[in-house]
Amino acid sequence: MKKRVTKAIFPVAGLGTRFLPATKSIPKEIMTLVDRPLVQYAIDEARAAGIKEFIFVTSRGKGALEDYFDHAPQLESDLRRKGKNALLETLKSTNMESGAIAYIRQHKALGLGHAVWCARRLIGNEPFAVMLPDDVIAAETPCLQQMVESYAETGGNVVAAMEVPSDMTSSYGILDVKKDMGSIVSVKGMVEKPEPDKAPSNLAVIGRYILTPKILQNLNKIKSGAGGEVQLTDAIAQEIINSDNVYGYRFRGQRFDCGSKAGYLQATVSFGLGRPELHDEFDAFLRQTMAAQKAAQ
Ligand code: G1P
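If you want my numbering, it's the position in the sequence shown, counting the first as 1, plus 16.
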């Protein structure tokens, strides 16, 4: 019987330099898509997948992120007094049960693998999820939930996977596929950010993982890898050698790289159009803008 996945690590210690100057005073995870911060999308997805404990690996300057999950008694009582029930309901999704959320500091920016390792004592001997809030995934069935269902079949370590253009491999962890079974692939190797001519495929790791606690032990030992950082990819690759139980999962959904400006803007357009209350006005505006641009060319 496989243990249920109830804990998730959210590595949010990055400086977000690609979004300076905005990230000079706000954590990038608090930047909004329509009206919700990026981190809220990750939390909602985690909840849908059955996650009960939320572990944030933070760094200096992430105070706004911690405050975001607090109750706001003054705001709530104001809204109640004014009868703004819909807004009160919206606020509820930002509240965490006491003790359900933990913050761990990553004292040095030593890489994603190191960030995950910082949470080891809170994970103990259980499988756990890792979610990178920069990767926002629009899907009918939330991505992590799809992965939990897939994990119920395969067990082991499951990483979200997606084909990327061949010239983009140096931005991702890349899978070396052993057996392609459609939505699930078994993996015989993993490389962090290979140049296109060294990449074993164009099947890339996207920021959702279900991992065994062995990965934390591997992180105890591995040395820094690509970019001089301790890579999560390397600790998972080690598990292929040790236990041969690593799988890629091709999720159903659209992924937006909200760590890049272009991806963030694309997500804004897509999520904006996806809101029934905004759709018509926004759609008309986009069409007019495109038509005006064409005419000016
Ligand atoms: C991280 C991982 C990489 C993965 C990517 C997905 O890289 O190290 O393996 O493909 O997330 O977004 P980063 O984008 O943090 O450099």
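Glycine included, each C-beta is placed from N, C-alpha and C at the ideal position.
- Report the rounded CA-to-CA distance for Met47 versus Ala24, giving the unit in angstroms. 21 angstroms
- Message: As a quick exercise: from Lys239, Gly115, Gln122, Arg268, pick the residue whose alpha carbon is nearest that of Gln316.
- Response: In the structure as shown, the chain starts at 17 and stops at 313, and residue 316 therefore has no counterpart that could be examined.
- Have a look at the DSSP bridge pairing and note the partners of Ser259. Ser259 pairs with nothing; no bridge assigned.
- Same chain only: Cβ atoms within 7 angstroms of Arg291, ignoring 5 sequence neighbours per side: Val50
- Spatial neighbours of Gly99 in its chain, beta-carbon cut-off 6 angstroms, leaving aside the 5 residues before and after: none
- Task: Mark Val73 as exposed unless 16 or more other C-beta atoms lie within 10 angstroms of its C-beta, in which case mark it buried.
- Result: buried
- Query: Considering only residues of the stretch 263 to 308, which uninterrupted beta strand (DSSP E) runs meet the minimum length of 3 residues and lie entirely inside it, listed in chain order?
  - Reply: 270 to 273
- Terminal residues of the continuous beta strand (DSSP E) containing Ala145? 144 to 147
- Message: Shorter than 6 angstroms, the distance from the beta carbon of Val146 to the closest heavy atom of the ligand G1P, or not?
- Response: no
- Message: Counting C-beta neighbours from all protein chains within 10 Å, is the total for Pro181 16 or more, i.e. buried, or is it exposed?
- Response: exposed
- Item | Neighbourhood of Ala251 by C-beta, 6 angstroms cutoff - its chain only, sequence neighbours within 5 removed | Gly129, Ile231, Asn234, Leu235, Ile238
- Given Ser240, which residues of its chain have a CB within under 6 angstroms of its CB, disregarding the five upstream and five downstream residues? Val246
- Message: So, at 6 angstroms on beta carbons, what are the nonlocal neighbours of Leu95 in its own chain, with the 5 sequence-adjacent residues on each side left out?
- Response: Leu103, Leu104
- Message: Please confirm whether Leu107 has its beta-carbon closer than 7 angstroms to some beta-carbon of chain C.
- Response: Among the chains in the structure shown there is no chain C, since it carries only a single protein chain.
- Query: Using CA coordinates, which residue listed in Ile42, Ser114, Ile67 is at the minimum distance from Ala80?
  - Reply: Ile42
- According to DSSP, is Val180 helix, strand or coil? coil
- Query: Do Val175 and Gly264 have their CB atoms nearer than 7 angstroms?
  - Reply: yes
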